[in-house]
Amino acid sequence: MAQVSVGKEAIRKAEKICNEVIQDLSKSTLRLDQSYKDAGQGWRDQKYNQLGIIVKECTDKLREPKDALFEILEKLVEIYKTLEEYEKVNL
Numbered sequence: 002m003a004q005v006s007v008g009k010e011a012i013r014k015a016e017k018i019c020n021e022v023i024q025d026l027s028k029s030t031l032r033l034d035q036s037y038k039d040a041g042q043g044w045r046d047q048k049y050n051q052l053g054i055i056v057k058e059c060t061d062k063l064r065e066p067k068d069a070l071f072e073i074l075e076k077l078v079e080i081y082k083t084l085e086e087y088e089k090v091n092l
């Protein structure tokens, strides 16, 4: 069986990466929504409404990985706490 070494620093790096990706996805969602709203200032017809449906589908899909990353962050916190407890044990 392969041995795995997990350090607190590696966990913190993983948390940082997850948070950065969450922020990037959030910014992308906001930019997409804002671009759609900006287009609506001079363009309000059936095609604009169709575009709105597509934009909504896209933003919904961008939220899915964010939800998964939040779950990963919760697990990383659990692992970090467990590792800290393990390190406190003197054998």
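Here this note's numbering is used: the sequence shown runs in plain steps of one and ends on residue 92. Ideal Cβ positions, reconstructed from N, Cα and C, are used throughout, including at glycine. Values in this document were obtained by computation on a predicted structure and should not be read as measured data.
Cβ pair residue i, residue j closer than 8 Å
i, j, result
"Leu84", "Cys19", "no"
"Ile80", "Ile23", "no"
"Leu70", "Glu16", "no"
Cβ-Cβ separation, residue j to residue i (assumed contact under 8 Å), whole Å
i, j, result
"Leu31", "Leu63", "Actually they are not in contact, since the Cβ atoms of Leu31 and Leu63 sit about 10 Å apart, beyond 8 Å."
Residue from the options whose Cα sits closest to the Cα of residue i
i, options, result
"Ala55", "Glu21, Gly8, Leu33, Glu86", "Reading off the sequence, residue 55 comes out as Ile, not Ala. The shortest Cα separation from Ile55 among Glu21, Gly8, Leu33, Glu86 belongs to Leu33."
"Lys28", "Asn50, Gly53, Thr60", "Thr60"
Near the ligand GTP: residue i beta-carbon under 7 Å from a heavy atom
i, result
"Ser27", "For the structure depicted, the ligand GTP is absent and the ligand set is empty, with no information on it obtainable."
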